[in-house]
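Down below is the structure, laid out as structure tokens.
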Amino acid sequence: MKKRVFILALFSLTIVFLAGCGGENATQASILTYNKQQFIGKELVCKEQYGTIQKVGMVSKKKAGHPLPENDFSSNEFAEGTEIYKVDNSKLLAKVDDNQFKVFELKK
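Numbered by mature numbering (1 follows the signal peptide of the UniProt record, and there is no 0), the letters in the sequence shown go through residues -19 to -1, 1 to 89 in order.
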């Protein structure tokens, strides 16, 4: 009898735990605004992954929360002064450190 009660209690706790973990994810996408367009943050890459990149500026304003960053060179993730590089018209890189960049792709 004690074994059944223990198993039932363990099952109930497991269900409660899983229900608590199943909520919506409240994280917000990393946004960078450049040339009046929004770019969405993707993965981190090594500096060597891209050949020639052109520095186009630095983050001028970090804007957390809503509304999303709208002014050029504003970001909701990176601090003011973070260097921004252009790969092409649909891809930017934000410098994380000397060897890593975060890729940003044009929002579709």
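Beta carbons are placed, not taken as given, at the ideal position from N, Cα and C, and that holds for glycine.
- Contact check for I21 and E86: beta-carbon distance about 6 Å, within the 8 Å limit, so the pair qualifies.
- Counting along the chain, G38 sits inside the beta strand (DSSP E) bounded by residues 35 to 39.
- The secondary-structure analysis by DSSP pairs K83 across a beta bridge with L25, A75.
- At a Cβ-Cβ threshold of 8 Å, E64 and S11 do not count as neighbours.
- In the structure shown, K89 falls within a coil segment according to DSSP collapsed to helix, strand and coil.
- Contact annotation: K67 and V26 have beta-carbon atoms that are not nearer than 8 Å.
- Nearest C-alpha to Q19 among K72, N80, Q81: K72.
- K(-18) has its alpha-carbon roughly 53 Å from the corresponding atom of A45.
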